Amino acid sequence: MQQFWTKLLDIEDRARHLNLHLVGLPESAEGSNAITFLQENLPKWIPSLQGDKIEIQRLYNTTTPGKTTPRTLIFCLFCYEDRQKILKGSRALESPPKHGVGTRRRRGRKLLQRSDRRWLPVDFDPSSSIPPY
């Protein structure tokens, strides 16, 4: 049974490896269609993506009412190469993007049991000289 759960968690983690977290988006900035909003604005925020068509598979909105923490959009991409382009372009930014958003990557998962997973958030700070990874 333990082998089954380990295999299941491994499959779930492989499905998540294309996820990106967009942090600090103002409330209701994306309007009614968040996927179209991201496809239009990612090239504006990250100039190296100009001319590229970013294919977004799905998007999760993680709004928590009553909290003052920055709002996060989690989106899953079809292509790993698109994810790498976004991360590389966000690292090269010298100033924060127009809407004040940054990307965040999570890593460091432990594949034993669901309760044993550890998420280590890494926030992108374009003003720091230290790379985010």
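Counting in the working numbering, the sequence shown runs from 1 upward without gaps.
C-beta atoms are modelled at their ideal positions from N, C-alpha and C, and glycine is treated no differently.
Computed from a prediction, not measured in an experiment: that's the story for all the values here.
Going by alpha carbons, who is nearest to Leu87 out of Phe78, Leu49 and Gln39? Leu49
Report all residues from its chain with a CB closer than 6 Å to the CB of Ala34; omit the five preceding and five following residues, and keep chain order. Closer than 6 Å at the Cβ level, and outside the excluded window around Ala34, lie Leu59.
Please state the DSSP three-state secondary structure of Ile86. helix
For Leu8, count the other beta carbons within 10 Å of its own beta carbon; 16 or more makes it buried, fewer makes it exposed. Which is it? exposed
Should Arg71 and Gly24 be called a contact, given that it needs their Cβ atoms to be closer than 9 Å? yes
Alpha-carbon to alpha-carbon, Leu22 and Gln2: 34 Å
How about Asp10 and Ile54: do their beta carbons lie closer than 9 Å? no
Around the Cβ of Gly89, are there at least 16 other Cβ atoms within 10 angstroms (buried) or fewer (exposed)? buried
In the DSSP assignment, what residue or residues form a beta bridge with Cys170? Given that the chain is displayed from residue 1 to residue 133, the structure contains no residue 170 and the question cannot be resolved.
Using the C-alpha atoms, what's the distance from Thr6 back to Glu12? 10 Å
Near the ligand FMN: Leu87 beta-carbon under 8 Å from a heavy atom: With respect to small molecules bound, the structure shown includes none, and the ligand FMN cannot be examined in it.
Use the C-beta contact count for Phe75: other C-beta atoms within 10 angstroms, 16 or more gives buried, fewer gives exposed. buried
Less than 9 Å separating the beta-carbons of Tyr80 and Leu18? yes
Which same chain residues, not among the five before or five after Ile135, have their C-beta less than 8 Å away from its C-beta? Outside the shown range of the chain, which is 1 to 133, sits residue 135, and nothing can be said about it.
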